[in-house]
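Comments concern the structure below.
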Amino acid sequence: MSTPYPASYRRLFLPRPRLQHLFDRLREEGYTVLGPTVVNGAVSLQPMQSVDQLPRGLRDEQDGGHYRLVEGDPALTFEYVVGPDGPKGYFFPSHLPLFSFHVEGDSFVLDETAPRPPKLAMLGVRPCELAAIRVQDRVFGVGMPGVFRCESETFYAETRQQALLLTVNCTRPSGTCFCASWGTGPRATHGYDLALTELRGGFVVEIGSDRGAALAEQLSLREPTEAELELAELKLQRAGEQMGRHLDAEGIKELLDAELEHPEWDDVATRCLSCGNCTMVCPTCFCCTVSDSTYLNGNQVTRTRQWESCYTLQFTYTTTGPERNTIRGRYRHWLRHKLGTWWDQFGMSGCIGCGRCITWCPVGIDLTEEISRLREQGHVHRLHRAHLVRGGLSP
Amino acid sequence: MSQPSHLPRPEPVCGMDTWMPVPARILDVRQENFNTRTFTMQFVDEETRRQYRFTPGQFNMVYVPGVGEAAISVSSHPEHTDTLEHTIRTVGSVTRAFERLGKGGIVGLRGPFGKGWPLEALRGKDVVIVAGGIGIAPLRPVICWLLDHRDWCRRVVLMYGCRTPEDRVFGAELDAWEQGGAIEVLVTVDNATGDWFGPVGVVTRLLQRIKVGAARTMVLVCGPKILNRVAAWNFLQLHVPPDQVYVSLERNMNCGFARCGHCQFGANFVCTDGPVFCFADIADIFTREDV
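Line order of the protein sequences matches chains A and B.
When you read off a place in the first sequence, starting at 1, and then add 1, the result is the number in the working numbering.
When you read off a place in the second sequence, starting at 1, and then add 99, the result is the number in the working numbering.
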């Protein structure tokens, strides 16, 4: 069995009954433990006390505009994949009060500062979510010297740096996953403290950091057997092979730069509701609005940062009206930003292949499909466009 | 030839680490036209006053306590930064709140943000400045600076258009600049009301009145979207190279430092990559709707 790791790479085994010890250890160390649990019929990352809150024996059924939890293998607790939310909401909260102040004479007096960053241990973070965290790290300049760091980014950086990431590798892909073709899953390669691969009897544990090693030390894990290692490898390999969706990263940026006037944008505009669901579930979307809420006396002000969506009209509103007036324009902006211009801005792709935008789109718009349609009909259209450009404005 | 003293992009005075505006006092309000006023402001803190520098074309997020912020370009002389001027047209909640604030009012400022006009590139060139309506505000610092350093470039032509003669922003100064003779001032209006005997029509028609030496001309444009497009197009047709045409764009702004995502224009964050763009850099998306 081939693995991406050298033979000396140390792996351990956590028997299932000892999972609660992990919880207890983390809580003793002052972590708030977050783990997947069922909220409103979907898996959500929430604070939890005990392993009993993990959704045992459930798997998710995901497709374009479709999410259901159905019965799975009763011996497994991590058979589902990503739900609508994830770590993003804890590092980059949907509402974050930045500070409060009041006006006193000719000065602004600070009354309250941003909340203190919580100490979080996240269990069940998926490999694609680790990739998403890397993307947001870049966006918010974590660990980059000389980068603007305002209140909201300080909160992100501090929460992020003290968070313990306990990844669970995906032993089963869901219907909308395409991380395998995107290189971000189904197994985590770096960025975690501990990575778990679930077997019926327990978890094969890989150590990704010093903090992870220290934690593993305290759990007194045993060596895995050869059979356990082999089974874990097999399951991860299967998960990659079984992934139904596929997105070819090759040339996507160039495609999106070239195909601004492709007829497919008109087609998707007839389906897209411009609801913004895809931006709300996307683990890398970072757009936000900082706004003031003011006491009735007009003097006491709280500045709050909230998530914003590029699908709203107010997002680009100026006195001459919204900049992107059409759904065609807004969808095109979102997709182009995510897969194309993100490269110009941050030197990486804004998409990590989790498939959330496909699942949670109420009409099931699938970006992998949109891209392949742009690709298929692209060349005919490009000829037409070249003709227009030659006769038109471009110098 | 004197050097511009502040060509590197100045750091925001609010520091690079906060959303907290810096308080400033309104010292004076001048009525420009029926809905536009120029506010003279001064930072309350003396140290801030000394440190504040801006490049013509940069903007501040101006803040009215209890109401909100708006991105407004600085319209005063870039070398006289003890006080600052913002020329504000009343169009929304923040600008309306500004209108209510009079002399002595306390506002907040964050900035300066963005990239300004390419002063260095103007050196030894003919400069044609095209402005429409309130679009003259971010260009006024350039004009003031060029008037003080008149040997920096060759010919300077200001082409300004607005709806009616009464709508002219900086009307008295336009007259003074014209009479001063250091720069050529051409003004056109859409509707000739009152005793207007000057040109009537869109700004770009003023092009008929000047000769453009394409290779040595730098063009600076700021106005409504349609003027930006038409002006850029007209100069390109006169064979002015695309990297000598600069346009200042307007977008919804929230943060000012490329974090909120509102002002994206293609791959650009207008707040940091602009608001002044070289036409050559945005040629592929400039005339497209909805990008």
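Ideal placement from N, C-alpha and C gives every residue a C-beta, glycine not left out.
Counting only beta-carbon atoms, is residue i nearer than 8 Å to chain B?
| i | result |
| --- | --- |
| residue 275 of chain A | no |
| residue 157 of chain A | no |
| residue 392 of chain A | With a pLDDT of 45 at residue 392 of chain A, under the threshold of 50, the modelled position of this residue cannot be trusted; read the value that follows with caution. Not closer than 8 Å to any Cβ of chain B, the Cβ of residue 392 of chain A fails to qualify, so no. |
| residue 396 of chain A | The predicted model places residue 396 of chain A with a pLDDT of 38, which falls under 50 and marks its position as unreliable; any figure quoted below should be read in that light. Residue 396 of chain A counts as touching chain B. |
| residue 104 of chain A | yes |
| residue 2 of chain A | Because the pLDDT of residue 2 of chain A is 39, which lies under 50, any placement of that residue in the model is unreliable, and the number read from its coordinates should be weighed accordingly. No, no contact with chain B. |
| residue 279 of chain A | no |
| residue 221 of chain A | no |
| residue 334 of chain A | yes |
| residue 268 of chain A | no |
| residue 300 of chain A | yes |
| residue 293 of chain A | yes |
| residue 261 of chain A | yes |
| residue 338 of chain A | yes |
According to DSSP, residue i sits in a beta bridge with which residue or residues?
| i | result |
| --- | --- |
| residue 83 of chain A | Its beta-bridge partners do not exist; DSSP assigns none. |
| residue 61 of chain A | A/70 |
| residue 308 of chain A | A/289 |
| residue 130 of chain B | B/136 |
| residue 230 of chain B | B/259 and B/321 |
| residue 115 of chain A | Beta-bridge pairing links residue 115 of chain A to no other residue. |
| residue 123 of chain A | A/35 and A/166 |
| residue 208 of chain B | B/121 and B/161 |
| residue 171 of chain B | B/159 |
| residue 14 of chain A | A/205 and A/223 |
| residue 202 of chain B | Answer is none; residue 202 of chain B lacks a bridge partner. |
| residue 214 of chain B | B/374 |
| residue 331 of chain B | Looking at the DSSP assignment, residue 331 of chain B forms no beta bridge with any residue, so it has no partner. |
| residue 46 of chain A | A/37 |
Using a 10 Å radius around the Cβ and a threshold of 16 neighbouring Cβ atoms, would you call residue i buried or exposed?
| i | result |
| --- | --- |
| residue 40 of chain A | exposed |
| residue 157 of chain B | buried |
| residue 11 of chain A | exposed |
| residue 80 of chain A | buried |
| residue 85 of chain B | An answer regarding residue 85 of chain B cannot be provided, because it is not within the stretch 100 to 390 covered by chain B. |
| residue 133 of chain A | buried |
| residue 208 of chain A | buried |
| residue 16 of chain A | exposed |
| residue 275 of chain B | exposed |
| residue 111 of chain B | buried |
| residue 96 of chain A | exposed |
| residue 231 of chain B | buried |
| residue 104 of chain B | Below a pLDDT of 50, predicted positions are generally treated as unreliable, and residue 104 of chain B, at 49, falls in that range; the measurement from the model is reported next regardless. Answer is exposed; the Cβ neighbour count stays below 16. |
| residue 9 of chain A | Any answer about residue 9 of chain A is weak, because its pLDDT of 47 lies below 50 and its placement is not dependable; what the coordinates show is given next. Burial call: exposed. |
Residue i lies in the beta strand (DSSP E); which residues open and close that run?
| i | result |
| --- | --- |
| residue 270 of chain A | Counting along the chain, residue 270 of chain A falls outside any beta strand (DSSP E), though it belongs to the alpha helix (DSSP H) covering 264 to 272. |
| residue 204 of chain A | 203 to 208 |
| residue 98 of chain A | 96 to 105 |
| residue 187 of chain B | 183 to 188 |
| residue 195 of chain A | 195 to 199 |
| residue 182 of chain A | Element bounds for residue 182 of chain A: not the beta strand (DSSP E) but the alpha helix (DSSP H), 180 to 183. |
Taking only beta-carbon positions, decide if residue i is within less than 8 Å of chain A.
| i | result |
| --- | --- |
| residue 234 of chain B | no |
| residue 390 of chain B | yes |
| residue 117 of chain B | yes |
| residue 165 of chain B | yes |
| residue 354 of chain B | yes |
| residue 350 of chain B | yes |
| residue 375 of chain B | no |
| residue 237 of chain B | no |
| residue 343 of chain B | no |
| residue 363 of chain B | yes |
Since I believe residue j is in contact with residue i (beta carbons under 8 Å), could you give me their beta-carbon distance rounded to a whole number of angstroms?
| i | j | result |
| --- | --- | --- |
| residue 194 of chain A | residue 212 of chain A | 5 Å |
| residue 322 of chain A | residue 339 of chain A | Contact flag wrong, Cβ pair sits at about 25 Å. |
| residue 301 of chain A | residue 101 of chain A | 7 Å |
| residue 334 of chain A | residue 311 of chain A | 6 Å |
| residue 293 of chain A | residue 304 of chain A | 6 Å |
| residue 253 of chain B | residue 225 of chain B | 5 Å |
| residue 343 of chain B | residue 318 of chain B | 6 Å |
| residue 240 of chain B | residue 155 of chain B | 3 Å |
May I ask which residues mark the beginning and end of the alpha helix (DSSP H) holding residue i?
| i | result |
| --- | --- |
| residue 279 of chain A | 278 to 282 |
| residue 213 of chain A | 211 to 219 |
| residue 128 of chain A | 128 to 140 |
| residue 192 of chain B | 192 to 199 |
| residue 287 of chain B | Segment 283 to 288 is the beta strand (DSSP E) holding residue 287 of chain B; no alpha helix (DSSP H) there. |
| residue 146 of chain B | 145 to 150 |
| residue 377 of chain A | 368 to 377 |
For the ligand ADP, is there any heavy atom lying closer than 7 Å to the beta carbon of residue i?
| i | result |
| --- | --- |
| residue 142 of chain B | This structure lacks the ligand ADP, and indeed carries no ligand of any kind. |
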